[in-house]
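The sequence shown begins at 1 in our numbering and counts up one residue at a time.
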Amino acid sequence: MIVMENVYFTYPNGVEALKGINLKIEDGRFVAIMGQNGAGKTTLVKHMNGLLKPTRGRVLVDGVETTKVSVATLARKVGLVFQNPDHQLFSETVEEEISFALKNFGYDEKTIRERVNWALNLLDLEEYRKVSPFMLSGGERKRVALASVLAWDPKIVILDEPTIGQDHGQKERLRQFIMQLNRQGKTIIIVTHDVEFVAECSPDIILMKQGKIIATGEAKDVLTNEKLVSQASVALPEVTKILKGLEDFGFPSDVIDVYEAADVLYERLSDRL
């Protein structure tokens, strides 16, 4: 469980990025943090693995205050995949990249080989085992960064803007993969502007604006509330816009994803046949 109690954070340049954050994320939850650029989303998640420490207030991971333990210790439980994979990758080959943290955590050679092979296969990276990460596409580098985190099996996985640079097919594979991890009991936290991706995943949502949390709730409740999403500079999902425009014709206004929209349209067409 992650708990934040009255957390404030000010950068050295004087920018106050977090202002009185109170938040609890239970084990096994799937949460999307949304809001405009500069809302404090990335700053917030960097407090969850100790990369940043509160100026005031406190952050607890499984009951342990982040200021009392090292980032390396927290990383065993909380894996963070950065928005830009180039800020995370540095090894000469994909295989070395994935094995780096495992070696630092003291795993034996047999376990390291097994975990590296597992991660390569899981994310379709086996063919790039001996290739430099920097020779890969942006989407492939993102997968390498994710593999390097998943290899040590953290119970909490944080993904910062995971869909940037991914085409529709890659996004769908990512969605299914995230949902699978969540079903296995991992806590999944994503930071994203991609409202369509969030709508199809339907996680709990945290809306942020100017360093504060302005709303929390289930995806359908938050993403159909025009006032709330506008306040956070988040767009309504496209299917929600369309069906809200058809509300006078009896269509529901609380649909957020294309799968549910397809069911609604099929039902209406069936009624007319």
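Each residue gets a CB set at the ideal place from its N, CA and C atoms; glycine is no exception.
Asked	Found
Check whether Lys220 and Phe197 have beta carbons under 7 angstroms apart	no
Residue span of the alpha helix (DSSP H) that contains Lys220, given as start and end	219-223
Inter-stretch contact (C-beta, 8 angstroms, three-pair minimum) for the segment 122-139 and the segment 103-110	no
Option in Lys130, Asp153, Val255, Thr67 with minimal Cα separation from Ile112	Asp153
Length-filtered (3 minimum) beta strand (DSSP E) runs lying within the segment 94-132	none
Close beta carbons around Lys53, own chain, < 6 angstroms, minus the five adjacent residues each side	Thr67
Alpha-carbon to alpha-carbon, Tyr8 and Gly56	Just to set this straight, residue 56 is Arg in the shown sequence, not Gly. Each residue's alpha carbon lies about 5 angstroms from the other.
Opening and closing residue of the beta strand (DSSP E) in which Val61 lies	56-61
Alpha-carbon spacing of Leu123 relative to Gln83, whole angstroms	18 angstroms
Residues bridged to Phe9 [DSSP beta-bridge criterion]	Leu18
Buried or exposed (CB count within 10 angstroms, at least 16 for buried), Arg183	exposed
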